[in-house]
Each structure stands twice: as structure tokens, then as C-alpha cells.
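Trainee:
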Amino acid sequence: MSESGVIIPVDSPLHSTLSRLAGDSRMVFCTGLPGVGKSLLINQLAHIGQARGRTIHLLQWDVCRQPFEASAEAQAAFPEIDGVTHPAVRTAVGIWARTAIEQWHKTHVDPKNLLIGEMSLVGDRLMSLLRRIDDPIEQTLADNKTKFVTPVPTHEVRRVIEASREERSSDPKHEREQSDAVPAVMRSLWEDLYRVAYDLKIIDRIPEVGKNGYDPDIYGGMFAALMKHRNHEILSIDTTFDTQGRSVYDLDIPVKELIPSAIDVEVCIAKVLEQYPTASELDQHVQQWYLV
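Offset between the sequence shown (1-based) and our numbering: plus 1.
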């Protein structure tokens with residue numbers, strides 16, 4: 002069985018874990034903040050799954066938010082500010098995602114289909130997939146065939162990832178690298194995560210965000226707490242992998258992406274305005290993004 006595009010050693014524990022996920026799961030959602038290795042994990046999971054005869058489908062935050070941000074209504078009423086997606090757009094994408102996954106699940110009944118998702122969660126970026134909602138897709142999201150995984154790199158591995166990210170930002174090898182979160186947005190996400198960890202009493206003080214602010218235990222513990230209604234695994238990453246000069250967004254295999262249509266965008270934005278008719282109500286919802 003050839004695994005073209007796979008750079009994780011076959012005899013490594015991580016390859017064994019990804020092989021299990023790619024072979025047994027109906028859906029796998031990779032969660033975490035920018036700069037922890039999600040994109041490489043998704044890349045390798047897709048290649049390993051394809052080698053096992055799976056048809057790969059992707060649902061990724063950075064892809065599915067773009068039609069919302071590109072709509073005339075969103076540009077006028079809910080513009081991106083300093084690289085940060087507007088709360089209304091974040092909420093609308095979450096509403097769309099549950100319906101899109103439900104439709105995918107009904108349409109692609111052949112078990113060879115594998116849906117791989119990417120979600121950062123913080124600030125209500127696809128947090129809707131973790132909340133128990135009385136709708137047709139909830140049972141499937143909670144099923145043991147649906148996995149949520151969080152890569153948690155060691156300090157050393159994260160430093161390498163950050164250095165690589167900085168290098169790619171100055172010399173992007175793929176168009177999607179141009180839309181990676183800028184340092185100010187990344188810092189804001191980390192600050193928000195630690196604020197919530199403090200509010201939930203996971204930590205007793207808020208660490209300074211910076212080169213020494215990352216703590217694998219706090220980070221992993223926070224995401225584990227968010228996943229209390231889902232089948233969740235922490236993937237400890239203690240090794241770096243040579244991408245051989247290629248972008249982690251490069252896929253050598255055919256994939257199908259879940260992308261909202263113009264009608265989806267219009268409907269979901271209308272639902273946001275109906276559910277949160279005032280800016281203060283919407284802001285409160287997004288501020289409490291971690292409630293599940």
C-alpha cells in the first residue's frame with residue numbers, strides 16, 4: 002500500500018494513530034490554535050486516508066469563512082478589522098457548518114468517504130460543532146465514529162513550527178499561507194484562550210503571551226475541557242517532520258471541499274440577525290464562545 006505524500010515515519014506512534022483515525026473514522030476534526038501543527042496533521046491524515054481507499058472531503062475554517070467575508074452584505078455590515086473576522090460572520094459560519102455536515106452525512110453514505118475538518122474554536126470559530134443542539138446532526142457529531150483531535154506540541158516543537166510559520170509569511174509557498182493568521186491575531190487568540198482557562202479555573206493566573214507563554218499542559222487541558230461532549234484525543238507531538246520544502250497546504254490527492262454557496266451565506270447571516278438582533282447580544286454570545 003503506497004503512501005505518497007506521507008512524511009511521518011511509518012514506524013512512529015503518530016503514524017499509527019493517524020492510520021487508525023483515517024481507517025476507522027467517519028469524521029475527524031483537528032482542533033487548535035494557529036501555530037501548533039494542525040495543517041500538517043490534516044495533510045498527513047488526508048494522504049494516509051487516501052492510501053487506505055478513503056475518499057477525502059475537507060471542511061476548513063479558513064476556506065469556508067471566505068464566501069461569507071466576500072459577500073456584499075458582510076463587507077458592508079460586518080467587515081474584517083485588522084485581520085479579525087467579524088463576530089457575526091464567525092457565528093454564521095458555525096450555523097452553516099452543522100447544516101453542511103448534516104447534508105454531507107446524508108449524501109455520502111458510502112463508508113469509504115472521510116470528512117476531515119479544521120477548527121480553531123477560540124472566539125466562536127466553529128464552536129457550534131461542540132455544542133449539544135437538538136438537531137439532526139447532533140447524534141452523529143457525538144458518535145464514536147466522529148473524532149476530535151488536538152495536536153499538542155512540546156515547547157521545542159512549537160518553536161520550530163513558529164519559526165517555519167514566520168519564514169512562510171515572508172516567502173509563501175502556497176496561496177493559503179498568505180491568509181494565515183498574522184502575529185497580532187495569533188496573540189489575541191492565545192490571550193483569549195488563557196482568559197477562558199482562568200475563568201474556568203483551569204489556571205490560577207493568566208500567563209504572559211510570548212515566547213515563554215506556551216504551556217502544553219494548560220493548552221491541552223483547555224481543549225479537553227471544550228470537548229466534554231465529544232470523542233476527543235490529545236495528540237502529543239514531540240518530533241518535527243521535514244516537509245521537504247513544500248507547503249503543508251499542498252495535497253497530492255484529489256479532495257472535495259465543503260464550501261458555502263451564496264444562498265447559504267444569505268440564509269445563515271439572516272439567522273444570526275434573527276437570533277441576535279442587537280450588537281450587544283451578539284457580542285455577549287461571542288464573548289461566551291467557550292460555553293458548551
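Every residue, glycine too, gets a C-beta built ideally from N, C-alpha and C.
Considering only residues of the same chain and omitting the five flanking positions on each side of Leu-236, which have a CB-CB separation below 8 angstroms?
Mentor: For Leu-236, where only same-chain residues beyond five positions count, the Cβ hits under 8 angstroms are Leu-15, Thr-18, Leu-42, Val-150, Thr-151, Pro-152 and Val-153.
Trainee: For Lys-257, list the residues DSSP reports as bridge partners.
Mentor: DSSP output for Lys-257 lists His-58 as bridge partner(s).
Trainee: Which residue spans inside the stretch 199–271 form an unbroken beta strand (DSSP E) run of at least 3?
Mentor: With a minimum length of 3 residues, the continuous beta strand (DSSP E) runs that stay inside the stretch 199–271 are 233–238 and 256–258.
Trainee: If you run the structure through DSSP and keep just helix, strand and coil, what is Asn-44?
Mentor: In this structure, Asn-44 counts as helix in the three-state DSSP scheme.
Trainee: Using C-beta distances below 8 angstroms, list every residue in its chain close to Ser-20, excluding the 5 sequence neighbours before and after it, in chain order.
Mentor: Once the five neighbours on either side are set aside, the close Cβ partners of Ser-20 are Ile-49 and Arg-53.
Trainee: When you compare the CB positions of Ile-270 and Ser-129, do they come within less than 9 angstroms of one another, or not?
Mentor: No.
Trainee: May I ask you to report which of helix, strand or coil DSSP gives Lys-39?
Mentor: Looking at Lys-39 - three-state DSSP - the assignment turns out to be helix.
Trainee: Determine the burial state of Leu-227: buried for a count of at least 16 other Cβ atoms within 10 Å of its Cβ, exposed for fewer.
Mentor: Buried, by the Cβ-count rule.
Trainee: Going by beta-carbon coordinates alone, are Thr-155 and Ile-238 separated by less than 9 angstroms?
Mentor: In this structure, Ile-238 lies closer than 9 angstroms to Thr-155 by Cβ.
Trainee: How big is the Cα-Cα spacing for Val-197 and Asp-216?
Mentor: Rounded to whole angstroms, Val-197 to Asp-216 spans 15 angstroms at the Cα level.
Trainee: Quick check on DSSP: helix, strand or coil for Glu-178?
Mentor: Residue confidence for Glu-178 is low, a pLDDT of 49 falling below 50, so the modelled location carries little weight; the figure read from the coordinates is stated next. Residue state, collapsed to three classes: helix.
Trainee: With the cut-off set at 9 angstroms, would you say Ala-93 and Leu-60 are in Cβ contact?
Mentor: Cβ distance not < 9 angstroms, so Ala-93 and Leu-60 don't count as in contact.
Trainee: Could you tell me whether the Cβ atoms of Ser-26 and Thr-240 are closer together than 9 angstroms?
Mentor: Not in contact: Ser-26 and Thr-240 (Cβ atoms no closer than 9 angstroms).
Trainee: Below 6 angstroms CB to CB, which residues in the same chain sit around Gly-221 once its five sequence neighbours on both sides are set aside?
Mentor: Closer than 6 angstroms at the Cβ level, and outside the excluded window around Gly-221, lie Val-153 and Ile-235.
Trainee: Check whether the stretch 117–136 touches the stretch 73–82, taking contact to mean three or more Cβ pairs, one atom from each stretch, closer than 8 angstroms.
Mentor: Contact fails: fewer than three Cβ-Cβ distances are below 8 angstroms.
Trainee: Quick one, are the C-beta atoms of Tyr-291 and Leu-201 less than 9 angstroms apart?
Mentor: Yes.
Trainee: Lys-257 and Ile-57: beta carbons closer than 9 angstroms?
Mentor: Yes, the Cβ-Cβ distance between Lys-257 and Ile-57 is below 9 angstroms.
Trainee: Checking 9 angstroms against the spacing of the C-beta atoms, do Leu-108 and Arg-231 come in under that value?
Mentor: For the record, residue 108 in the displayed sequence is Thr; it is not Leu. In this structure, Arg-231 does not lie closer than 9 angstroms to Thr-108 by Cβ.
Trainee: Helix or strand or just coil, what does DSSP make of Val-85?
Mentor: Looking at Val-85 - three-state DSSP - the assignment turns out to be strand.
Trainee: Residue range of the beta strand (DSSP E) that Gly-118 falls in?
Mentor: Element bounds for Gly-118: 114–120.
Trainee: In chain order, what residues of the same chain have a beta carbon less than 8 angstroms from the beta carbon of Lys-78, not counting five sequence neighbours either side?
Mentor: Before going on, a small fix: residue 78 reads as Ala here, not Lys. Hits under 8 angstroms: Ala-89.
Trainee: Any idea which residues DSSP pairs Cys-31 with across the strands?
Mentor: Looking at the DSSP assignment, Cys-31 forms a beta bridge with Glu-119 and Val-150.
Trainee: Going by Cα to Cα distance, which pick from Phe-30, Asn-44, Val-37 and Ile-207 is closest to Ser-248?
Mentor: Here the closest residue by C-alpha is Asn-44.
Trainee: With a threshold of 16 other CB atoms inside 10 Å of the CB of Ala-23, please say whether the residue is buried or exposed.
Mentor: When all chains shown are included, Ala-23 counts as buried.
Trainee: Under DSSP, the alpha helix (DSSP H) around Asp-25 begins and ends at which residues?
Mentor: Where Asp-25 is concerned, the enclosing alpha helix (DSSP H) stretches over 14–25.
Trainee: Is the separation between the beta-carbon of Val-287 and that of Arg-91 shorter than 9 angstroms?
Mentor: It is a contact, given that the beta carbons lie within the stated cut-off.
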